[in-house]
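Read in full-length UniProt numbering, the sequence shown has 181 at position 181, and its numbers run on one by one without any break. By construction, the Cβ of each residue, glycine as well, lies at the ideal position given by its N, Cα and C atoms. Remember, predicted model here, so these are calculated numbers, not experimental data.
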Amino acid sequence: MNTKRIGAAGAAFLAATIMAACANNASGAPTSAGTVDKSAPTVTIMVGGMSKQIYLPFMLAKQLGYYDKIGVNVNLVDEPAGGDATQNMLAGQVQGVGGFYDHNIALQAQGKSSEAVVSMLQIPGEVELCRSDLKGAVKSPADFKGRSLGITDTGSSTDFLTQYLSKKNGVDPSQETRRGVGAGQTFIAAMKQKAIDCGMTTEPTVSQAVSDGTAFILLDMRTAAGSKAALGGTYPATSLYMQTDWVNNNKPTVQKLVDAYVSTLAWIQQHDGAAIADKMPAAYYKGVGKDAYIKALDSEKGIFNPTGLMPEDGPKTCLAVLGEFNPKVQGKSIDLAKTYTNEFVKAAASVG
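Spelled out as structure tokens, the structure:
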């Protein structure tokens, strides 16, 4: 697999971004004096790029005060790569991951057991951007051969999806270079410096890169139609997933978390982009501007799962995608029913 990280300067910038994000981690359930309720359970959730709109429910739940109301101290840790977040979960450093559901399939293929306990996105919300100077030269993933392609990081869902789109369009993934460039400013910098030709990212990075002329949209998976055209079906994306043993041993805590997220998903459906943006930290839309952030939210609000239930045909689509190129999944017998559970969503109580 031909994957590379961005150069030293980009890596240093990315490290600084992570450190800044970690310094501002969200901690739930403060008392009126601003201290943590020590009698409540504490759960650390690592999110694969917290400022991305596709992961918005995790911070929005905090901003709405839902972690306080459910009585769980929730520490949100920002990690720009879903693959790294998964490894931290397996190592026991975090209890949950805010990332794409498909990681659970890949983990089962490796003999590890984890499950998504709530589904937050019905479709990926990902967009394949290409540099503006390549318009006409890159018309589809069939033109990826020999190209440098931006992904969040090796082992991330953007890595999975990029390889799938390449192979589906006749390009062997070994004939391209995939570079881990994160999202936001590191992604845009990589494109402006021509370190990547194309790359997969989400809002608000998409709006910023397109509006300033840095990039054009090659493939758009922010709509159900676009996702189906690119991937062949419903592709559930953002979820909260945890190791199965931890879920089974901490069901009351998991239920509280799911209550908070199902209520957050319902709140999203009841409000427009402006109302949602008003609840988010200003740092989340600083780069693109609040107006553009709101516009992006309004245009892609349909990506959010209104119920939290796993889409019925979603796991099969994810398995089909991973089975196309991932040697760890190919030929393995995968029990999809063990990669997610609707138990907690069906029992969810309203928090608001």
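For residue i, which of helix, strand or coil comes out of DSSP?
i	result
residue 268	helix
residue 64	coil
residue 206	helix
residue 238	strand
residue 28	In this predicted model, residue 28 has a pLDDT of only 36, less than 50, meaning its place in the structure is not dependable enough to derive any value.
residue 115	strand
residue 78	strand
residue 34	With a pLDDT of 40 at residue 34, under the threshold of 50, the predicted position of this residue should be treated as unreliable, though the coordinate-derived value follows. Residue 34 falls in the coil class under three-state DSSP.
residue 255	helix
residue 84	helix
residue 284	helix
residue 352	coil
residue 243	strand
residue 16	Caution applies to residue 16, whose pLDDT of 37 falls short of 50 and renders its modelled position unreliable; the value that the coordinates give is listed next. It is helical.
residue 298	helix
residue 274	helix
residue 333	coil
residue 225	helix
residue 104	helix
residue 5	Unreliable positioning characterises residue 5 in this predicted model, as indicated by a pLDDT of 43, which lies under 50. The coordinate reading is nonetheless provided below. Here residue 5 sits in strand by DSSP.
residue 347	coil
residue 250	coil
Identify which residue in the options has its Cα closest to the Cα of residue i.
i	options	result
residue 37	49, 69, 52 and 53	69
residue 349	275, 257 and 297	257
residue 112	244, 54, 286 and 319	244
residue 235	89, 263 and 317	317
residue 140	199, 155 and 122	199
residue 299	266, 206, 334 and 335	206
residue 107	346, 352, 342 and 332	332
residue 115	247, 74, 167 and 136	247
residue 53	283, 184, 204 and 265	204
residue 310	346, 154 and 287	346
residue 165	351, 321, 296 and 39	321
residue 307	324, 313, 265 and 328	265
residue 110	174, 335 and 352	335
residue 215	188, 232 and 224	188
residue 91	46, 168, 158 and 159	46
residue 351	103, 195 and 65	65
residue 272	294, 287, 71 and 285	294
residue 313	97, 233, 283 and 67	233
residue 63	197, 79, 160 and 281	281
residue 305	39, 222 and 51	222
residue 143	251, 324 and 173	173
residue 324	85, 100, 138 and 161	161
residue 159	210, 100, 121 and 296	100
residue 315	191, 170, 137 and 341	341
Opposite residue i in the DSSP bridges: which residues?
i	result
residue 89	In DSSP, residue 89 forms no bridge with anything.
residue 73	42
residue 128	200 and 219
residue 47	78 and 98
residue 53	Residue 53 pairs with nothing; no bridge assigned.
residue 138	135
residue 148	177
residue 231	Its beta-bridge partners do not exist; DSSP assigns none.
residue 121	304
residue 340	116
For chain D, check one thing: does any of its Cβ atoms lie closer than 8 Å to the Cβ of residue i?
i	result
residue 231	Looking at the structure shown, chain D is missing, and only one protein chain is on hand.
Residue i and residue j look like a contact to me (Cβ under 8 Å); what is the Cβ gap, rounded to whole Å?
i	j	result
residue 387	residue 127	Missing from the structure shown is residue 387; the chain here goes from 1 to 352 and no further.
residue 60	residue 279	6 Å
residue 319	residue 105	6 Å
residue 255	residue 344	5 Å
residue 261	residue 57	6 Å
residue 149	residue 177	7 Å
residue 146	residue 303	Incorrect: roughly 32 Å between the Cβ atoms, too far for contact.
residue 217	residue 180	No, residue 217 and residue 180 are not in contact; Cβ-Cβ is about 21 Å, not under 8 Å.
residue 377	residue 230	No answer is possible for residue 377: it lies beyond the span of the chain, which begins at 1 and ends at 352.
residue 132	residue 213	6 Å
residue 253	residue 43	6 Å
residue 98	residue 89	With a Cβ gap of about 11 Å, residue 98 and residue 89 do not count as contacting.
residue 49	residue 195	That belief does not hold up - the Cβ atoms of residue 49 and residue 195 are roughly 19 Å apart, past 8 Å.
Next item on the list: Please list the segments of the alpha helix (DSSP H) lying wholly inside the segment 303 to 331, counting only runs of 4 or more residues, in order along the chain.
Entry: 314 to 325
Note to self: Quick check for students: name the residue ranges of the alpha helix (DSSP H) that lie wholly in the segment 153 to 217, counting only runs of 4 or more.
What the structure shows: 157 to 168, 185 to 192 and 205 to 211
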